[in-house]
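Under my numbering, the residue at position 59 of the sequence shown is numbered 54, and the numbers go up by one with no gaps. Below is one structure, written out as structure tokens; comments come after it.
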Amino acid sequence: MVGLHHPKSEEALDPAQVIRVARDLQFEFPIGQDETWLTLRAYGVGSHFKRFTSVSFLIDRNGIIRFVHDGGEFHRGGEPDHGECNAAYEALDSAIRELLAQPESSPP
């Protein structure tokens, strides 16, 4: 897992603030900084993905994008007011489990 932070405010430009929030969210993975949103835009945020400013990609061991969630929140537990969010969480969870169940391919 790798995160890519893209600031949406002046406060979010402060690396110490990013670290505090990541710790509060209990993120235990590396987080890169995309201060100008260059990488985010290269992946289609703002052009292909217009609904949200965040996108999640599930990329397999071979570098192939296997799942895209075009932003919004993930919820689990069947919260009735979050049907679309629950469905996105379940789809991502299913895709991760499917990929983890596949045997690792041997290097070429």
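Positions of the beta carbon are idealized from the N, C-alpha and C atoms, including for glycine. This structure is a prediction, so every number in the text was calculated from the model and none was measured.
Query: Kindly indicate which residue of E30, Q28, G66, E6 has the alpha-carbon position closest to the one of R105.; Result: Because the chain in this structure spans residues -4 to 103, residue 105 falls outside the shown range and cannot be described.
Query: For P25, which residues from the same chain have a beta carbon less than 6 Å from its beta carbon, with the 5 sequence-adjacent residues on both sides left out?; Result: V(-3)
Query: With distances taken Cα to Cα, identify the nearest neighbour of F135 among G58, I54, H64.; Result: Any property of residue 135 remains undetermined from this structure, which presents the chain solely from -4 to 103.
Query: What does a CB cutoff of less than 8 Å around S42 pick up in its chain, not counting 5 residues either side in sequence?; Result: R36
Query: Is it true that the segment 13 to 25 meets the segment 50 to 61, where meeting means three or more beta-carbon pairs spaced less than 8 Å apart?; Result: no
Query: State the beta-bridge partners of H0 as determined by DSSP.; Result: Q28
Query: Would DSSP call V50 helix, strand or coil?; Result: coil
Query: So E30 and L8 are supposed to be a Cβ contact under 8 Å. How far apart are they, rounded?; Result: 7 Å
Query: Within 10 angstroms of the Cβ of P103, are there 16 or more other Cβ atoms? Answer buried if so, exposed if not.; Result: Bear in mind that a pLDDT of 49 at P103, under 50, signals an unreliable position, so the model cannot answer this.
Query: Pull up the CB-CB distance for L94 and R61, whole angstroms please, since I reckon it's below 8 Å.; Result: 6 Å
Query: With 16 other CB atoms within 10 Å as the buried threshold, where does A83 fall?; Result: buried
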